[in-house]
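Chemist:
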Amino acid sequence: MIDWTNIKKIDAHIHLMPSDVIEANKEYGGNFIDFGDVEDYLKIMDKYNIESAFIMPFNDPYMLSMDFNVCTVHNNLLDMCGKAKNRLFCFADIDIRNDIEKTIQILEDAVRREEVLGVKIHAANTSYPIDGIYYDEIFKWANKNNILVEIHSYPRTHLMDDMCSPTRIKNIIKKYPKLRMSIAHIGGFQYEELTDLGLFFNISAILPDLVDKYGIAGTNKILRRLDVEKLVFATDYPDNRKLEPIEIYDKYFEILSQMDFSEEEAEKICRLNALKMINK
Ligand SMILES: [Zn+2]
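No gaps in the numbering here: position 185 of the sequence shown is 185 in the UniProt record's numbering, and each next residue is one more.
1) Closer than 8 Å by C-beta to aspartate 37: which residues in its own chain qualify, once you throw out the five before and the five after it? Chain order, please.
2) What is the chain-ordered set of residues for which the beta carbon lies under 7 Å from any non-hydrogen atom of ligand 1?
3) Count the other C-beta atoms from every protein chain shown that fall within 10 angstroms of the C-beta of glutamine 190, then say buried if there are 16 or more, exposed otherwise.
4) What do you reckon, are the CB atoms on isoleucine 151 and isoleucine 183 nearer than 9 Å?
5) Please go through the stretch 120 to 158 and give each complete beta strand (DSSP E) segment of 3 or more residues, from N-terminal end onward.
6) Give the C-beta separation of phenylalanine 201 and valine 228 to the nearest angstrom, bearing in mind that I take them to be a contact with Cβ-Cβ under 8 Å.
7) Whose C-alpha, out of Ile104, Thr5, Ile269 and Trp4, is nearest the C-alpha of asparagine 145?
8) Going by C-alpha distance, which of Asn69, Ile14 and Ile96 is nearest methionine 80?
9) With H, G and I counted as helix, E and B as strand and the rest as coil, what does DSSP make of methionine 80?
10) Using DSSP with H/G/I as helix, E/B as strand and the rest coil, what is glycine 198?
11) Here's a check: name, in chain order, each residue in its chain whose Cβ is nearer than 7 Å to the Cβ of asparagine 125, leaving out the five neighbours to either side.
12) Taking C-alpha atoms, which residue in Lys230, Lys178 and Glu192 lies nearest to lysine 140?
13) Between the C-alpha atoms of tyrosine 41 and asparagine 240, what's the straight-line distance to the nearest angstrom?
14) Whose C-alpha, out of Ile246, Lys242, Ile255 and Lys251, is nearest the C-alpha of isoleucine 216?
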């Protein structure tokens, strides 16, 4: 049996918060505030043998800065990465209130930093469709410059045309078939729309949800269907619809340890595929 707790890992999708945002929001609490401290997370990394982790922004500057400005968000993300060099990395953020020329300029500056692995697009948070023209300019730029784009995709089950739906993501792939793309939360329960397209999938947030609906064996089948060569370990810590923050890692490993992956496959899922995804 694979020891998922102790195998060396990368968590390819987590959330941490700048200390001034935590300080200002302490009395309101919430998982991001109560569990988003960098120093606390470094202890978790040691406990679970997490070699490195990728911090994701929200496309909402109110979450990661006190002046609600995407450039401050980037500075804050870089500061957090600086607290654990070569262990914490991040994705660049977008504020769609800015005109697209300004956004591209800010992204260009951001991805020059070695801590910044790509760009995160969260169409559910912005309520702007992932295949809309603003994002198209970003995909065009990412495609031209070979930049990795991570797309949040966890649509509401009954909506095939939700802002971040796989149906919409397919429009992007049709236009930019060579674009480097990672699908966070595997596309939710509409993942089938995205299989066989050569995309990376990370199992952040959705794994316990899948198990609730399809059981371990059914979920195991889905993960294999997404392709073991493209499957990336990630949790969305400290955020989860079904689990408390402190339960997330143990539950993920408990679920994965009941599946049929070999040692070699587990190493790919836990680390090697993420390295391939970020071109390292
Ligand atoms: Zn997330």
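Glycine included, every Cβ here is placed at the ideal spot set by N, Cα and C.
Modeler: Let me lay it out:
1) Position 37 of the sequence shown holds residue 37. Taken in chain order, the residues that qualify are Leu16, Met17, Ser19 and Ile22.
2) His13, His15, Met56, His152, Ala184, Ser204, Ala205, Asp236 and Asp239
3) One-based indexing of the sequence shown puts residue 190 at position 190. Burial call: buried.
4) In the sequence shown, the residue the question calls residue 151 occupies position 151. In the sequence shown, the residue the question calls residue 183 occupies position 183. Going by C-beta atoms, isoleucine 151 is nearer than 9 Å to isoleucine 183.
5) 148 to 152
6) Counting from one through the sequence shown, the residue named residue 201 turns up at place 201. Counting from one through the sequence shown, the residue named residue 228 turns up at place 228. Actually they are not in contact, since the Cβ atoms of phenylalanine 201 and valine 228 sit about 11 Å apart, beyond 8 Å.
7) Taking the first residue of the sequence shown as position 1, residue 145 is located at position 145. Of the listed residues, the one whose Cα sits closest to asparagine 145 is Ile104.
8) Stepping through the sequence shown from its first residue, residue 80 is reached at position 80. If we check each option's Cα against that of methionine 80, Ile14 comes out closest.
9) The residue given as residue 80 occupies position 80 in the sequence shown. Helix, per DSSP.
10) By 1-based counting over the sequence shown, the position of residue 198 is 198. In this structure, glycine 198 counts as coil in the three-state DSSP scheme.
11) Against the sequence shown, residue 125 aligns to sequence position 125. Excluding sequence neighbours, asparagine 125 sits near Phe58, Asn59 and Asp60.
12) Here residue 140 refers to the residue found at position 140 when the sequence shown is read from its first residue. Taking only the C-alpha atoms, the option nearest lysine 140 is Lys178.
13) Translated into the one-based positions of the sequence shown, residue 41 becomes position 41. Translated into the one-based positions of the sequence shown, residue 240 becomes position 240. Between tyrosine 41 and asparagine 240, the C-alpha separation is close to 16 Å.
14) Taking the sequence shown and counting its residues from 1, one reaches residue 216 at position 216. For the residues Ile246, Lys242, Ile255 and Lys251, the minimum Cα distance to isoleucine 216 belongs to Ile255.
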